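Under the numbering used here, the letters of the sequence shown match residues 2 to 664, in that order. Even glycine gets a Cβ: it sits at the ideal position worked out from N, Cα and C. Because the structure is a prediction, the values reported are computed rather than measured.
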Amino acid sequence: MESSSPPPPHSQPRHPYHDTSPPPETTFYHGVADKRRKLEANRSDSLLYGFDLRPTATALLDSNDVEPLLIFIDDFTQTPIKKKQSKKKVFDSLAFHYPNSFILKLAKLLSHNPPLRIRNEVVSLLQETLIEKHGNNYKIIRCDMLIDLNPLILESFKIEIQEKLLPQLTNIIVDLAARIHTFRIGGWVELLEYIVSCISSDSDDELKLRKGLMLLADLPCDVVENKEFWKNHYGAIHENLVNRLLVESDNEDLQALTFDSMFRMLGIAQPLEEYEIGNSILLILLEFIDQHSKEEIVVKRVQNLVDFVCMDVDVIMNGKEMIVFRAMLRIVEKNDASRELRCAAIQVLKELSEVRWNIMYEIIYEISDANVERIIMVSLNMMFESDEQSSELGQVLLNLLSFNDDGILVIRTATDFFRTTYAASRDWQQCHEGMIMVAAFADRRQNDVTGLVFTAELMKIMTDEINHIREKAQEDGNPGTAKRGSEYLPDEKRIQSIKILISAITVTFKDRLSPYAEELFSTVAQLWGHDVPDSVKAIAVSLFNTLVPQFPDKWQMYIDIYSYELLKSRGGSLHAQWESARGIGICAMFGGHNFKTIVNVAMLKLYSLLEYGLSIKGEKSGDGADISDMAVSAIGKICEFHRESIDGPEVIIFQIPILIALN
2 MESSSPPPPH SQPRHPYHDT SPPPETTFYH GVADKRRKLE ANRSDSLLYG
52 FDLRPTATAL LDSNDVEPLL IFIDDFTQTP IKKKQSKKKV FDSLAFHYPN
102 SFILKLAKLL SHNPPLRIRN EVVSLLQETL IEKHGNNYKI IRCDMLIDLN
152 PLILESFKIE IQEKLLPQLT NIIVDLAARI HTFRIGGWVE LLEYIVSCIS
202 SDSDDELKLR KGLMLLADLP CDVVENKEFW KNHYGAIHEN LVNRLLVESD
252 NEDLQALTFD SMFRMLGIAQ PLEEYEIGNS ILLILLEFID QHSKEEIVVK
302 RVQNLVDFVC MDVDVIMNGK EMIVFRAMLR IVEKNDASRE LRCAAIQVLK
352 ELSEVRWNIM YEIIYEISDA NVERIIMVSL NMMFESDEQS SELGQVLLNL
402 LSFNDDGILV IRTATDFFRT TYAASRDWQQ CHEGMIMVAA FADRRQNDVT
452 GLVFTAELMK IMTDEINHIR EKAQEDGNPG TAKRGSEYLP DEKRIQSIKI
502 LISAITVTFK DRLSPYAEEL FSTVAQLWGH DVPDSVKAIA VSLFNTLVPQ
552 FPDKWQMYID IYSYELLKSR GGSLHAQWES ARGIGICAMF GGHNFKTIVN
602 VAMLKLYSLL EYGLSIKGEK SGDGADISDM AVSAIGKICE FHRESIDGPE
652 VIIFQIPILI ALN
């Protein structure tokens with residue numbers, strides 16, 4: 002037998018009782034099993050864990066007696082909050098596993114009119130089970146169970162005197178009515194009869210009236226719509242509600258319920274072919290729609306109107322568009338109206354214009370100029386809100402108003418708005434954004450009049466800004482105004498705003514502004530006057546850098562002064578150095594043969610800028626890198642357009658140390 006090979010030198014001898022083999026691999030299924038064992042080991046020792054629900058369910062639900070459930074709920078209401086969770090799990094399980102039996106037993110218990118604390122809990126459990134747990138599953142409650150449930154719940158609602166429970170009970174009844182409607186068994190006529198009896202009663206029982214109004218206001222249209230029933234009641238209920246709306250002016254809450262009930266009557270007017278009454282209701286509602294001290298209620302009313310306008314209600318709406326328009330503008334113009342309310346009102350107009358744009362065109366055309374001007378101010382203010390929906394709807398309103406006088410009045414009013422409101426506040430960025438937005442609106446109108454009006458206005462704004470820079474620079478250099486210091490010189494934020502303005506306007510309206518380009522170049526060139534400081538001349542360079550690419554055939558007469566300022570050696574800001582490099586590249590692209598005479602000087606300038614950018618260290622090293630990158634870009638443009646004019650040896654001599662530094 003061959004002997005085994007000896008162990009390698011210096012290795013430790015194997016322990017005879019220690020298993021050195023690798024542990025077995027843990028499979029996926031082993032991992033799942035381990036995880037489950039850990040969960041079960043750590044599971045809280047709750048009432049339902051390891052607990053069979055069936056005996057409890059039998060004790061609470063199976064017998065005809067409600068006493069066991071009453072005792073269980075009573076015990077629950079008196080249990081400290083920290084210890085209620087286990088009993089609450091029993092309710093949740095009953096609602097999930099035995100919803101029909103649980104709801105019926107709760108309804109029977111409620112019909113016995115137990116003490117208030119019990120009723121509170123029973124109503125909450127009914128709402129949770131029906132609406133929160135099974136609100137999306139109408140079929141889970143059986144039809145025969147609904148037939149038993151409905152009279153129990155309705156009778157409990159009739160005898161309830163605690164107003165704080167009425168909203169929850171109303172929600173439960175509305176849910177049951179919707180469920181029974183899906184079974185097509187004739188609806189819930191007893192409910193409709195009770196509503197009519199509450200509203201038609203001549204007694205002074207305000208609670209009964211309130212109950213009827215709450216139910217009618219919240220019932221869905223398809224549930225309320227019962228032609229056989231309303232054939233004999235619709236007109237009388239309408240007359241009663243109108244009288245109450247006018248009389249109950251001192252009771253705002255009751256008047257609000259009456260308003261909502263009338264809105265529900267309006268929703269079923271066209272399906273019932275009650276066109277005359279529907280017309281009357283709509284006119285009254287539009288008159289009262291914003292008459293409530295709580296804005297959230299007014300918002301809800303307007304949002305309901307949005308839904309109504311989107312319905313198939315052509316017969317009811319026919320001829321009422323102007324009244325709807327004026328009612329919504331009345332809301333929009335309120336000084337204390339919130340963003341949400343204004344948005345809801347404009348949404349109504351938007352939906353109305355999409356369905357009936359030809360009628361809206363005629364309506365807006367007939368509005369007086371004074372009214373249009375007021376509304377334009379509202380739309381412009383909305384356009385500059387930070388909220389996206391408000392901004393979009395502000396533009397919708399502005400577009401609607403443009404039907405009046407082909408938009409000319411909009412343009413003129415907007416111009417005055419920016420001259421006064423924003424110019425006075427010196428909110429330059431917002432003013433400029435607004436001017437561009439309205440200019441774009443004018444451009445979309447494709448109207449020569451509006452185009453000419455606003456193009457001229459844009460030119461005036463740009464030249465005014467440029468002249469402002471020059472005037473402040475001259476004031477700063479005037480000994481008589483020296484004590485004012487640099488406070489009145491344009492700050493960097495405003496300078497950047499002016500650059501953005503001119504850049505955005507020239508790019509957006511290049512064709513319209515082309516006839517004014519020479520005037521614009523001439524205005525900017527004035528900033529290179531003898532009495533203007535270098536910091537202002539640098540601004541002129543930056544503006545030329547923006548304008549030349551847009552109008553390359555309009556600037557040739559200024560190439561000498563432009564190139565001189567670009568090549569002039571000045572300290573200036575880092576941004577000014579970056580603009581110099583950028584300008585040289587622009588001159589190389591658009592300067593043609595005029596640039597050939599300064600190619601080598603330009604190259605030397607760019608190399609110096611490149612070297613300067615690389616020398617910047619510390620916090621501003623990023624700015625230095627930007628200068629170097631722009632200088633390299635400009636060198637590339639010179640090589641592309643003027644390669645034959647470059648003095649090769651001289652360029653190479655200066656280029657070698659730069660390339661070494663870049664590496």
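- Should the region 198-206 be called in touch with the region 175-185, which here means at least 3 C-beta pairs below 8 Å? Put simply, the region 198-206 does not touch the region 175-185. Fewer than three CB pairs are less than 8 Å apart.
- Could you tell me whether the region 101-120 touches the region 53-70, where touching means 3 or more Cβ pairs closer than 8 Å? Because the criterion of three Cβ pairs below 8 Å is met, the region 101-120 and the region 53-70 touch.
- Given that a residue counts as buried once 16 or more other Cβ atoms are within 10 Å of its Cβ, and exposed if not, what is Met312? The residue in question, Met312, is exposed, as its Cβ has fewer than 16 Cβ neighbours within 10 Å.
- Message: Output needed for Gly51: all residues of its chain with C-beta closer than 7 Å, excluding positions within five of it in sequence on either side, in chain order.
- Response: With a pLDDT of only 43 at Gly51, under 50, the local geometry of the prediction cannot be trusted, and no value is derived from it.
- Assuming Val303 contacts Val349 (C-beta within less than 8 Å), just tell me the rounded distance between them. That pair is a contact at about 6 Å.
- For Lys321, which of Lys301, Glu341, Lys295 and Glu363 has the nearest alpha-carbon? The candidate whose alpha carbon is nearest that of Lys321 is Glu363.
- Arg118 versus Phe158: straight-line alpha-carbon distance, rounded: Whole-angstrom Cα-Cα distance: 16 Å.
- Task: Look up Asn151 in the DSSP assignment and say whether it is helix, strand or coil.
- Result: Assigned with DSSP and collapsed to three states, Asn151 falls in helix.
- Hey, could you find the ends of the alpha helix (DSSP H) His293 is sitting in? That residue, His293, is in no alpha helix (DSSP H); it is neither H nor E in DSSP.
- Item | Proximity of Ala635 and Arg583 at Cβ, strictly below 8 Å | Contact check for Ala635 against Arg583 passes: the beta carbons are separated by less than 8 Å.
- Cutoff 7 Å; reference Ala328; Cβ partners in own chain excluding five residues on either side: Taken in chain order, the residues that qualify are Leu287 and Ile290.
- Take every Cβ of the region 588-597, pair it with every Cβ of the region 609-625, and state whether three or more of those distances are shorter than 8 Å. Too few Cβ pairs lie closer than 8 Å, so no.
- Assigned secondary structure, Asn241 (DSSP; H/G/I helix, E/B strand, else coil): If DSSP states are grouped into helix, strand and coil, Asn241 belongs with the helices.
- Message: Distance check for Asp648 and Ala632, CA to CA, integer angstroms please.
- Response: So the alpha carbons of these two residues sit roughly 18 Å apart.
- Whole-Å CB distance - Arg265 paired with Leu217, under 8 Å assumed: The distance from the Cβ of Arg265 to that of Leu217 is about 6 Å, consistent with a contact at the 8 Å cut-off.
- Item | Nearest-angstrom Cα separation, counted from Asn400 out to Lys461 | Distance from the CA atom of Lys461 to the CA atom of Asn400, rounded to whole angstroms, is 25 Å.
- Could you please give the first and the last residue of the uninterrupted alpha helix (DSSP H) stretch that includes Tyr565? Run containing Tyr565: Ile560 to Leu568, per the alpha helix (DSSP H) assignment.
- Item | C-alpha distance - Gln163 paired with Asn151, whole-angstrom precision | Rounded to the nearest angstrom, the two C-alpha atoms are 20 Å apart.
- Message: Mapping the DSSP letters down to three states, classify Asp337 as helix, strand or coil.
- Response: Residue state, collapsed to three classes: coil.
- Please confirm if Ser64 has its CB atom under 8 Å from at least one CB of chain D. Here there is only one protein chain, and chain D is not present.
- Neighbourhood of Glu519 by C-beta, 6 Å cutoff - its chain only, sequence neighbours within 5 removed: Residues of the same chain with a CB within less than 6 Å of the CB of Glu519, apart from the 5 flanking positions on each side, are Lys555 in chain order.
- Query: In or out: Arg55 buried (at least 16 other Cβ within 10 Å) or exposed?
  - Reply: Burial check for Arg55: the Cβ neighbour count within 10 Å stays below 16, so the residue is exposed.
- Buried or exposed by the 16-neighbour rule on C-beta atoms within 10 Å, applied to Thr86: With the sequence shown as reference, residue 86 is identified as Gln, and Thr is not the correct amino acid for it. Label assigned to Gln86: exposed.
- Check the C-beta distance from Phe642 over to Ala589 and give it rounded, since I have them as a contact under 8 Å. Their Cβ separation, rounded to whole angstroms, is 5 Å, which keeps Phe642 and Ala589 in contact under 8 Å.
- On a CA-only basis, which of Cys144, Leu111 and Gly136 is nearest Leu153? Give me that one, please. Measuring from the Cα of Leu153, the nearest candidate turns out to be Leu111.
- What are the uninterrupted segments assigned as alpha helix (DSSP H) that are 4 or more residues long and contained completely in the region 114-202, given in chain order? Counting only runs of 4 or more, we get 117-128, 144-160, 167-183 and 190-201.
- Can you grab the Cα-Cα spacing for the pair Ile160 / Ile285, in whole Å? If I take the Cα positions, the gap works out to 33 Å.
- Within its chain, find whatever has a CB closer than 8 Å to the CB of Leu147; leave out the 5 residues flanking it on each side and keep chain order. Once the five neighbours on either side are set aside, the close Cβ partners of Leu147 are Leu177, Arg180, Ile181 and Phe184.
- C-beta contact flag for Thr547 and Ser504 at 8 Å: Against a cut-off of 8 Å, the Cβ pair of Ser504 and Thr547 comes out as a contact.
- Task: List the whole-angstrom C-beta distance separating Ile74 from Glu122, where the pair is believed to meet the contact cut-off of C-beta under 8 Å.
- Result: Rounded, the Cβ-Cβ distance is 5 Å, consistent with contact.
- Message: Less than 7 Å between C-beta atoms, sequence neighbours within five positions excluded: which residues of the same chain meet that for Trp579?
- Response: Contacts found: Asp627, Ile628 and Met631.
- Closest Cα partner of Ile347 within the set Val549, Gln256, Glu275 and Ile377: The shortest Cα separation from Ile347 among Val549, Gln256, Glu275 and Ile377 belongs to Ile377.
- Using the C-alpha atoms, what's the distance from Glu68 back to Pro115? If you take the alpha carbons of Pro115 and Glu68, they lie about 11 Å apart.
- Measuring alpha carbon to alpha carbon, tell me which of Gly136, Gly188 and Leu210 ends up nearest Asn227. When each option's Cα is compared against that of Asn227, the closest is Gly188.
- Item | Residue interval of the alpha helix (DSSP H) (run including Val397) | It spans Glu389 to Leu402 - the alpha helix (DSSP H) in which Val397 sits, taken as one unbroken run.
- Message: Quick check on Ile654: buried or exposed, where buried means 16 or more other Cβ atoms within 10 Å of its Cβ?
- Response: Confidence at Ile654 is low in this model, with a pLDDT of 47, below 50, so the placement of that residue should be treated as unreliable; the coordinate-derived value is given next. Classification of Ile654: exposed, given that the 10 Å Cβ count is below 16.
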